[in-house]
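Numbering (my numbering), first residue to last: -17 to 1203.
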């Protein structure tokens, strides 16, 4: 079994919790996000776009995060609790651009246990203390202070335990500078002791508000007061206190809230409710945020339907007079709400994209409001009609895949690159998404040109300008000059020579322009033109320039070097004949701390790239050479300086990049002093010759490589990326900046001029999204051979064409016909003067056993719905499979009618068969009733294999229904000749519910919900399924994929990835003969479960629940890998090592990184990756790749221990990732 290397391709996109604080700057707020096992920091720019400034893997499951600020400080700390059993306090280091761990205190056992504190976290608003609480019994309080050097100190934990007590919520309330007070919702179960009688349960259903006081003088925690509250209380909202408000806490209950404060009468205010919600429908609060402004504060609550309610407290001298709760807007259901002082609202959605809104108004004119003065109090009913946001404006979205329900990887569009097809989301926010390797692009303009241009250049009018002033489009024999303003217009008096082919155009440091063409160099300054012309019979073959220097090559191999001197004149400095015709050249951009650059690069017909010096004392001296392969010539060269690399993002690397006519890019490092070349790296980019353009990427420079695909090389968060751009093929490109687009590119593609910008830099994939109606359950790829037509006439030629079938269903949801009737009914009961909007009905509760479902056929090219099949009332589609049966292209769909989740035995289950033609015309064939829930379907050798409850059944297509051909009963063993049926259990091939099927030859791999993997053998002659092997462990399988005839990879509900292999001695014939022999003695070993068992070859804790897994090749020419997707929206892969040296290096690197760079969460890396079992045969590539972000001293120390150089280790890490994608 080869050793596997684990890499995360896309980090988790779900937001578990989010908080706001001044972590890096006292004048700028950031949003800290906990995404399961990663921690991120977001900043909003001036346009309201969210940018990730920091992201790290903490190698632990984050439970809670909260900011706090010491009195008198200007920046916030971040306190993190996780499954490490430790409390961690982080401080953002602006110099290193990362979080530093200030304190790490152990308080309990590791793991997410109900009696280990950390599930709840409350912080004193003045930053003096914090409280941790477990779900049951334990609570700790820590005192926060400063030492004499102004460093943060944390005390030993002070216990506030309460036995036989369940904690439902915890918060710290604002009491000014009095002793800190924390409030909890608690429930006592001391007298139950297993007695579940109605009287006993009724007594223990009472909930209490407990006020815990931290006496800073006595260094002691006491329960100040405990008062009974409503049994439905589930959330606490602290009210601003001290000089900012009356203090106290809002207790959120079902249908109403209660204002509570010691020695203050309680006030009760009902929630406004949706017009369609009946009086019996309970309303709960799932998120809240309190925002304090200069002279007032307000509270936003969100209901479980997504409605935002604004709560206003009317008070006078610490006495609350009235509470007003009014409808504000409707946004996606959130896990966290954050309000920034700049007037933005961040909604960390439970499912789907996370939204970033700007406040337009505070909703004070909303008439739909409840008040605590209402005679009915908490029973008051005030209804509103939900609408699209009126007080909020959506300015940005963070894409989210969470949760990924199913995944398929294939090249359905025939692009020679595999795409990842994902079924994501839940309910009305469900989506179908296509991930393509590479950077996504937003096209801003696409204009047709009168011909086919060769080059394009963008120039500012002045160096001090921020935006591009001119676009130069070069055709064969002429040049087009366009001015960029409110509109793009042609310029007729630009002083450029428009009747020649421009080879280069550049704005110089003195605001002059140069135009290089075959006949000379044109220098334009202050509307005056000077010309330099080559000698007679000489032409300029190629050239390059920066803001002060010009390098040209004449026919015959002569190279001439020019400068713009202090008198703004073009001066020839050096001239040298290299004796061979020059085909391409490049000059280094002027460094920020230099007046002139030092290097140039040339390549000629001798297949050698020469690095030459531009310094005056060296005079075009050759410094180093780069030999090229015999069958390749240099098409383009580039010298690129990329900044913001390394640990503190202050490193700068100078690269010599060579593009070959074979489609290969060669990149080498240039020594900034000697000009020596080192660390050569090559990569195949495409079938066409590679050309380069220097471009601006973010705040730094990068370069774009153009072949039959475009690639962008840039720095992001201290790392170097070379990413494919998902866009049309372009011939030439330049940077573009305008008032509407600060980070764009202008390019030529064919006979069109394009302006576009790259999105989500640092991401491995671009996304395309199509909305769905219900929660998707399964995806199946529908292949077909479609005829190619010419003007409506078939040519007789066919092409491969694929569609995607997605089954969707939701419980407690109306079907589409009922939804339409509800919408019509709501229009008739609208209040006078109001109009009904198209309200999303996906959240309406239909009741138990009610299902909404459909089967959708999607065209992956256009993301349009080609067909939508509606099912019968309350019939839920849960599985699907494309198969070829009896000459028909079929789609099999497994359904359940009236599925009551509490009682699955009373369901009516069917397998519906559809046929489709070359153009995907869907025809219903028949429906076959089955005895169990058909959770898994698989095409197998012209037949249909179905997992029906605990049984595996092989079907053939019949005229009126499916015909059973073979069956494996996973629930019982039939002993022939004795009339005995004994139940199967774990260890003897017993199954509970088949949820996955795979096949390799005559072997069928069966994945069970809770009984791991079972391997069966199909005997064609006897039409019998026989047991070969099963697992000794009762794994709760969520996904699996067959690696080969003997091996299967699986993931389970406990975040574990494992590889299991059938032992070599396993044979189905022994078990079959035992079951058919009629001998009870022969069958006893099988009944007792002593048959063949899997050999575990690999195991690794992923840190996230994986829902699907597949063995694929992501890109052409890349290594085959096992790819998985998770419920938090992350995508990862495991690939085998190809050499023992590579394995040895990274094994040692992983061990050293775990010691030199311990995780922020305080959890040991090896223990985290061995959560439920020891890690086996897997190297953690995520930890290894953090080597690039270490400081140079630590890197050198680690490299010395491995007996490698730092550069060799980084090159090896990049090579492994490039083999994958």
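We treat Cβ as the ideally placed atom computed from N, Cα and C, and that holds for glycine.
Predicted, not measured: the structure shown is a model, and the values here were computed from it.
Shown here for residue 84: same chain residues with a beta carbon closer than 6 Å to its own, the five before and five after excluded, namely 71, 73, 134 in chain order. Close CB contacts of residue 827 within its chain, under the 6 Å cut and outside five residues either way in sequence, are with 794 (chain order).
The continuous alpha helix (DSSP H) containing residue 1147 extends over residues 1147 to 1151.
Here residue 951 is not bridged, per DSSP, to any residue.
With contacts defined as CB atoms closer than 8 Å, residue 450 and residue 441 qualify as a contacting pair.
Annotation for residue 111: 123, 124, 125, 126, 162, 196 place their beta carbon closer than 7 Å to its own, counting only its chain and skipping 5 residues before and after. For residue 447, the three-state secondary structure derived from DSSP is coil.
Contact between the region 568 to 579 and the region 546 to 556 is absent: fewer than three C-beta pairs spanning the two stretches fall below 8 Å. Beta-bridge annotation (DSSP): residue 196 is paired with 203. Taken through DSSP and simplified to helix, strand or coil, residue 335 comes out as coil. Looking at the DSSP output, residue 980 shares a beta bridge with 987. Contact annotation: residue 69 and residue 89 have beta-carbon atoms nearer than 8 Å. Under the three-state reduction of DSSP, residue 851 is assigned to strand. Relative to the Cα of residue 1128, the nearest Cα in the group 1078, 1149, 1105, 1168 belongs to 1168. According to DSSP, residue pairing for residue 681 in a beta bridge does not occur.
Out of 609, 233, 172, 198, the CA that lies nearest to the CA of residue 152 is found in 233.
Rounded to the nearest whole angstrom, the CA to CA distance from residue 736 to residue 324 is 35 Å.
Partner residues in the beta bridge of residue 1103, as assigned by DSSP, are 1094. In this structure, the alpha-carbon of residue 483 lies about 32 Å from that of residue 576. Distance between residue 633 and residue 627, taken at the CA atoms: about 5 Å.
In this structure the region 1169 to 1187 does not lie against the region 41 to 59, because fewer than three pairs of beta carbons, one per stretch, are closer than 8 Å. Measuring C-alpha to C-alpha distances from residue 805 to each of 360, 480, 367 identifies 367 as the nearest. A Cβ-Cβ distance of about 12 Å is found for the pair residue 852 and residue 904, leaving them out of contact under the 8 Å criterion. In this structure the region 938 to 952 does not lie against the region 877 to 886, because fewer than three pairs of beta carbons, one per stretch, are closer than 8 Å. The beta strand (DSSP E) runs of length 3 or more contained entirely in the region 998 to 1035 are, from start to end of the chain, 1006 to 1012, 1019 to 1024, 1029 to 1034. The continuous beta strand (DSSP E) containing residue 113 extends over residues 111 to 115. The beta carbons of residue 1111 and residue -5 sit about 4 Å from each other, so the pair counts as a contact at 8 Å. Contact between the region 927 to 934 and the region 910 to 917 is established, with three or more Cβ pairs separated by less than 8 Å. With respect to the C-alpha of residue 157, the residue from 215, 141, 223, 648 having the closest C-alpha is 223.
DSSP places residue 579 in the coil class of the three-state scheme, outside both helix and strand. Taking the C-beta atoms as reference points, residue 235 is found nearer than 8 Å to residue 214. If you ignore the 5 residues before and after residue 7, its C-beta comes within less than 8 Å of the C-beta of 57, 76, all in its own chain and listed in chain order. Of the residues 227, 272, 369, the one whose Cα lies closest to the Cα of residue 289 is 369. Ranked by Cα distance from residue 419, the options 1147, 1113, 1143 are led by 1113.
In this model, residue 272 and residue -1 are separated by some 15 Å (Cα to Cα). Counting along the chain, the unbroken beta strand (DSSP E) around residue 418 starts and ends at 413 to 419.
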